[in-house]
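The opening residue of the sequence shown carries number 43 in this note's numbering; numbering runs sequentially from there. Even glycine gets a Cβ: it sits at the ideal position worked out from N, Cα and C. The next block holds one structure in the form of structure tokens; read it before the comments.
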Amino acid sequence: MNLKKHWKTMSVVATDSLHDQGFVLIGNYTLRLLRVVFLISLWRTLLPEEGDISGMTRDAVLTYTLIAEIFSGFMSVRTGLDEALWRGDIANRLLRPVGIYGQFIAEMLGDRIPNLILFSLPLFCIAPFFDINPLPANPTSGGLFIVSLLLGVLIGVAFDFIFASLLVFLEQSVYALMQIRDAVSVLLSGAIIPLAFLPWGLGDALTWLPFASVASAPLRIYTNTGDPIFLLSLQVAWTIVLWPIAHALWNFNRERLVSHGG
Numbered sequence: 043m044n045l046k047k048h049w050k051t052m053s054v055v056a057t058d059s060l061h062d063q064g065f066v067l068i069g070n071y072t073l074r075l076l077r078v079v080f081l082i083s084l085w086r087t088l089l090p091e092e093g094d095i096s097g098m099t100r101d102a103v104l105t106y107t108l109i110a111e112i113f114s115g116f117m118s119v120r121t122g123l124d125e126a127l128w129r130g131d132i133a134n135r136l137l138r139p140v141g142i143y144g145q146f147i148a149e150m151l152g153d154r155i156p157n158l159i160l161f162s163l164p165l166f167c168i169a170p171f172f173d174i175n176p177l178p179a180n181p182t183s184g185g186l187f188i189v190s191l192l193l194g195v196l197i198g199v200a201f202d203f204i205f206a207s208l209l210v211f212l213e214q215s216v217y218a219l220m221q222i223r224d225a226v227s228v229l230l231s232g233a234i235i236p237l238a239f240l241p242w243g244l245g246d247a248l249t250w251l252p253f254a255s256v257a258s259a260p261l262r263i264y265t266n267t268g269d270p271i272f273l274l275s276l277q278v279a280w281t282i283v284l285w286p287i288a289h290a291l292w293n294f295n296r297e298r299l300v301s302h303g304g
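Below, the structure written as structure tokens:
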């Protein structure tokens, strides 16, 4: 029964997200396309055509960048929990006959569906015109990428609930802390710059952090530039560690969270 409710939530959110005016959607997609074109041009300029740097060839980096943009909605996880706190409707959500985690996950996935169809799929299809191979390094990498992407989403959702609980506990601005969280996540996740390119061995150190498990891990698996067994094991470990913390903090701050719905 709850599964049907979650599917219904996803479909409603997916439909609502299309209610934006056409020029808003076109503007958003144009900016995203310009961003990926800029990054592709930058890598073509900086990286040699032959050989590799830090274990990554130029072709692998270009595919990495393309796939990072295609699946950016799943590698920069925002459930909308911060907006619920900002609007003050968190109390109403706690009264709904479905689990709070399922609500936000379903809404997040529903919000991503139109972007996946209207932007990501076309970008994947036109990739050869940019002289980029959008396919995974091999079929095994493609299958493991899906598993890794799902684990990354779980880790990202856990982060969202942890940050939400902390900002309520610390009674700080929702907007300010989420902006800090987004900036840190983008920098440390490897979603824009592959961690292997960071100096002084920082990439190797950051690989162990949960931020890297959200974006860098699935992208490295897709391009076959990392050990999939190690990366998946690390993702599973962070999932096991972070979700009990997220659940405990959420329950501990439940009354304070409700106060934000007043």
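Inset, instruction - Would you kindly check if the distance between the Cβ of Met117 and the Cβ of Val256 is under 8 angstroms? - result: yes
Legend entry - Asn266 versus Glu92 - alpha carbon distance: 17 angstroms
Inset, instruction - Give the straight-line distance between the Cα atoms of Gly144 and Leu123, rounded to the nearest whole angstrom. - result: 12 angstroms
Inset, instruction - Would you mind working out which of Leu163, Arg120, Ala179 and Asn70 sits nearest Thr99, comparing C-alpha positions? - result: Ala179
Legend entry - Nearest candidate by alpha-carbon position, reference Ser231, set Ser114, Asp153, Val55 and Ala148: Ser114
Inset, instruction - Please go through the same chain and pick out, in chain order, the residues whose beta-carbon is closer than 8 angstroms to the beta-carbon of Arg138, but skip the five residues on each side of it. - result: Gln145
Legend entry - alpha helix (DSSP H) segments (min. 4 residues) lying fully within the stretch 212-269: 216-231, 244-248, 252-256 and 258-264
Inset, instruction - Please classify Thr249: is it buried, with 16 or more other beta-carbons within 10 angstroms of its beta-carbon, or exposed? - result: buried
Legend entry - Within 8 angstroms, strictly: CB atoms of Ala259 and Gly194: yes
Inset, instruction - Counting only the same chain and skipping the five closest in sequence on each side, list residues whose C-beta sits under 7 angstroms from that of Phe166. - result: Ile112 and Pro176
Inset, instruction - Sort out for me which residues DSSP pairs Ile95 with in a bridge. - result: Met98
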